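A.B. asks: Going by our numbering, the first residue of the sequence shown is number 3, and it counts up by one from there. Take this structure first; my questions come after.
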Amino acid sequence: MMNRLQFPSLFRQTSGWLLYILLSSMLTGCVSIEAVHDPLYRASAHTSTIIASASASLGGSIRRIEITVTEGRADYCKIRTLNGVAPSAIPCRENASRVIHTCEFPDSPKDAICKYPLDTHPTPLPGSIRDALVHEPSSFHTHPEPKLVTYSAMVETSSGLGISYESTDEITYAAGDYPPGLARPIWWHKEKNLDSKIDIALFPDHLSYGSYDFFLLDVDTVLKGAFLNAGQSFSKLYTQNRNFVNLWAGPFGIFSNGCNGFDPVPQYRNTDIQALIPIVALMDGKALFDRGRNNITCSNIENPGGWAVMDVAVVNNSGRTKAGYEPAHLFIHESGHFVHGFGDEYPGGGNYAKNLCANVFSTKSLCEIAGSNRGMSANTSCERITNGANTIDVWHRVITPPGPLDDLMDNKIQDIDWLTDCRYCVLETFTKCEAGTCFQ
Ligand SMILES: [Zn+2]
Numbered sequence: 003m004m005n006r007l008q009f010p011s012l013f014r015q016t017s018g019w020l021l022y023i024l025l026s027s028m029l030t031g032c033v034s035i036e037a038v039h040d041p042l043y044r045a046s047a048h049t050s051t052i053i054a055s056a057s058a059s060l061g062g063s064i065r066r067i068e069i070t071v072t073e074g075r076a077d078y079c080k081i082r083t084l085n086g087v088a089p090s091a092i093p094c095r096e097n098a099s100r101v102i103h104t105c106e107f108p109d110s111p112k113d114a115i116c117k118y119p120l121d122t123h124p125t126p127l128p129g130s131i132r133d134a135l136v137h138e139p140s141s142f143h144t145h146p147e148p149k150l151v152t153y154s155a156m157v158e159t160s161s162g163l164g165i166s167y168e169s170t171d172e173i174t175y176a177a178g179d180y181p182p183g184l185a186r187p188i189w190w191h192k193e194k195n196l197d198s199k200i201d202i203a204l205f206p207d208h209l210s211y212g213s214y215d216f217f218l219l220d221v222d223t224v225l226k227g228a229f230l231n232a233g234q235s236f237s238k239l240y241t242q243n244r245n246f247v248n249l250w251a252g253p254f255g256i257f258s259n260g261c262n263g264f265d266p267v268p269q270y271r272n273t274d275i276q277a278l279i280p281i282v283a284l285m286d287g288k289a290l291f292d293r294g295r296n297n298i299t300c301s302n303i304e305n306p307g308g309w310a311v312m313d314v315a316v317v318n319n320s321g322r323t324k325a326g327y328e329p330a331h332l333f334i335h336e337s338g339h340f341v342h343g344f345g346d347e348y349p350g351g352g353n354y355a356k357n358l359c360a361n362v363f364s365t366k367s368l369c370e371i372a373g374s375n376r377g378m379s380a381n382t383s384c385e386r387i388t389n390g391a392n393t394i395d396v397w398h399r400v401i402t403p404p405g406p407l408d409d410l411m412d413n414k415i416q417d418i419d420w421l422t423d424c425r426y427c428v429l430e431t432f433t434k435c436e437a438g439t440c441f442q
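Encoded structure:
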C-alpha cells in the first residue's frame, strides 16, 4: 500500500472509496513493502545495500521477503526510432546476471527488514542478460567500471484467509565510474517509458567539487531529504509519490554563472558540450549544484524543463545553508519552479506561473474561479501576496483560519508543505504520469 497515488479527488468526496478500501483490507489483510538502496550512487568502489522493509496489518504476518537483483556493465546504447536507430544518453546493460536473496521469518513478525549488500567493486561474473535496446559495443575503460543494478522486493504474508504477495516497483541505479556521455541513473524505472515519469537530473558545478564523489555526497543529502523522508512535512508528498520520478546525475562540464536575473541557464564548458546536451535534452528538470561560489539559489519558471542553480553548501554542521534552509527543502521549493512552473507566493520572487494549473493569479476573481473548479473553496480564501508591509497585486489561496503549515512556494524556512493549489497541481501531474504522460 506504499507509494500509491493520492488522487486530487481527495479534495472532494472521499468517504465512498475509503469505506471500500477498509472493507477490502479486512477481507485480505494488508501489507506494505518498499525497497531502497544506500548510498544512492557512488562513482568509486563501495558496498551498496538494498534494503526492503515490509509491514503487515489487520491480522497478517510476514513469512518471507525476496530481493531480486540484476547487475551488469553499463554501456552506450542506441534506441529504436521511426527512422531506424539513434544514439542515446540513456545507458544499456550487457553481461548481466541475476540473483535472488531470500530472508525467511519463521517467527511471523508484523514488521520485517531484509538487506542485500552488494560489493560494486569487482567486475561482475559474465552473465547472459542484455537489455532489449540496440546495444552499441564500446571500448571505453573506467575504474571501477560502470554498472547498472536493478532490484525489486517481494513480501509473502499469511493471514487467516491464506497467503498473499506484494511487490515493489523495479528500480535501476548506477554504480562505478561512467563515461561523460551517459546519464547516471540514481532512481530509475527502467522498464517504464520516460514520458510516464518526471525525469530530474542533478549536475555538479565543476569549480565547486574536487571530486565527483564529493558532489554525490550532496546528491545523497538532497535526494534522501526530498524523496526518502516521511518524517518532515515538506518532503512527505514527494516521498509518498517517489515512484512517479526518475532521478539522474550528469557529468562534470557545467559551471554556475549565478542567477543572471531570473534566467539562470547555466553556462556550458565548451569542451564537454557534446556529452552534456543529449543528457540535458531528456530531462523534465535540471538542478546545478554549487557550493558557495555564488551564494545564491534560483530557478527559471518552466513546466517542465527549467533549470535551478542551487547553493547546497551547509554551514558548519547545522544541516542548513547560509540562508537557513535545509538543502532538500530548497530543492523541493525550486522544483516547484523548474518542473511545475509555479510562481513564488511572496513578494520579490518570480510571481507568475507557467502552468495551466497555476498557484498565483493576476486577479482575485481568477483565483476564486480556479478554487471553485478545483473543488477547494471551503476553508480557503484568495488574498493578495503579502509579506509584512510588503504587498503586491498578485493573488494566491490561503487556508482560513491559517493552519500550522505554510506553502512551499512561500519563503518560510520551517513548517512547510505543498498546500492548496500547489498540492492540487502536483497531484494532477502525478495523475497524468499514472495515465502515461506527465506533461502534455
Ligand atoms: Zn522561489
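Ideal placement from N, C-alpha and C gives every residue a C-beta, glycine not left out. Please read these numbers as outputs of a predicted model, since none were measured by experiment.
Report the option in 234, 413, 396, 116 whose CA atom is closest to the CA atom of residue 156.
C.D. replies: Checking every option, the nearest Cα to that of residue 156 belongs to 116.
A.B. asks: Tell me whether the beta-carbon of residue 183 lies closer than 8 Å to the beta-carbon of residue 329.
C.D. replies: Cβ atoms of residue 183 and residue 329: not closer than 8 Å.
A.B. asks: What does a CB cutoff of less than 6 Å around residue 53 pick up in its chain, not counting 5 residues either side in sequence?
C.D. replies: Answer for residue 53: 38, 117, listed in chain order.
A.B. asks: Can you give the Cα-Cα distance for residue 160 and residue 311, rounded to whole angstroms?
C.D. replies: Each residue's Cα considered, the two are about 49 Å apart.
A.B. asks: Pick out every residue whose C-beta is nearer than 6 Å to a heavy atom of ligand 1: which are they, in chain order?
C.D. replies: That gives 335, 339, 346, 351.
A.B. asks: Thinking C-alpha only, which one of 36, 69, 269, 423 is nearest residue 375?
C.D. replies: Among 36, 69, 269, 423, the Cα nearest to that of residue 375 is on 423.
A.B. asks: Quick check on DSSP: helix, strand or coil for residue 89?
C.D. replies: Here residue 89 sits in strand by DSSP.
A.B. asks: Residue 227 lies in the alpha helix (DSSP H); which residues open and close that run?
C.D. replies: Note, residue 227: alpha helix (DSSP H), 214-229.
A.B. asks: Nearer than 7 Å: is that true of the beta carbon of residue 82 relative to any heavy atom of ligand 2?
C.D. replies: Ligands in the displayed structure: ligand 1; ligand 2 is not one of them.
A.B. asks: Rounded to whole angstroms, what's the CA-CA distance from residue 24 to residue 170? Just pull it up for me.
C.D. replies: For residue 24, the predicted structure reports a pLDDT of 45, less than 50, and the residue's modelled location is therefore unreliable. A value from the coordinates is still provided. Looking at the two C-alpha atoms, the distance is approximately 22 Å.
A.B. asks: Looking only at its own chain, which residues have a Cβ that is under 6 Å from the Cβ of residue 222, when we skip the five neighbours before and after it?
C.D. replies: Here the set comprises 41, 42.
A.B. asks: Which residue comes first and which comes last in the alpha helix (DSSP H) that contains residue 375?
C.D. replies: 366-375 is the span of the alpha helix (DSSP H), which, as asked, contains residue 375.
A.B. asks: In angstroms, rounded to a whole number, what distance separates the CA positions of residue 395 and residue 83?
C.D. replies: The straight-line gap from Cα to Cα measures roughly 48 Å.
A.B. asks: For the alpha helix (DSSP H) containing residue 427, name the first residue and the last one.
C.D. replies: Residue 427 -> alpha helix (DSSP H) spans 422-437.
A.B. asks: I'd like the span of the beta strand (DSSP E) that includes residue 284, first residue to last.
C.D. replies: That residue, residue 284, is in no beta strand (DSSP E); it is neither H nor E in DSSP.
A.B. asks: Pop quiz: residue 236 and residue 206 are said to be a contact at Cβ under 8 Å. What is the actual Cβ separation, rounded to whole angstroms?
C.D. replies: Going by Cβ atoms, the distance from residue 236 to residue 206 rounds to 24 Å, so no, they are not a contact pair.
A.B. asks: Tell me where the beta strand (DSSP E) around residue 150 begins and ends.
C.D. replies: Per DSSP, residue 150 belongs to the beta strand (DSSP E) from 149-161.
A.B. asks: Closest to residue 400 by C-alpha separation, out of 425, 45, 392, would be which residue?
C.D. replies: For the residues 425, 45, 392, the minimum Cα distance to residue 400 belongs to 425.
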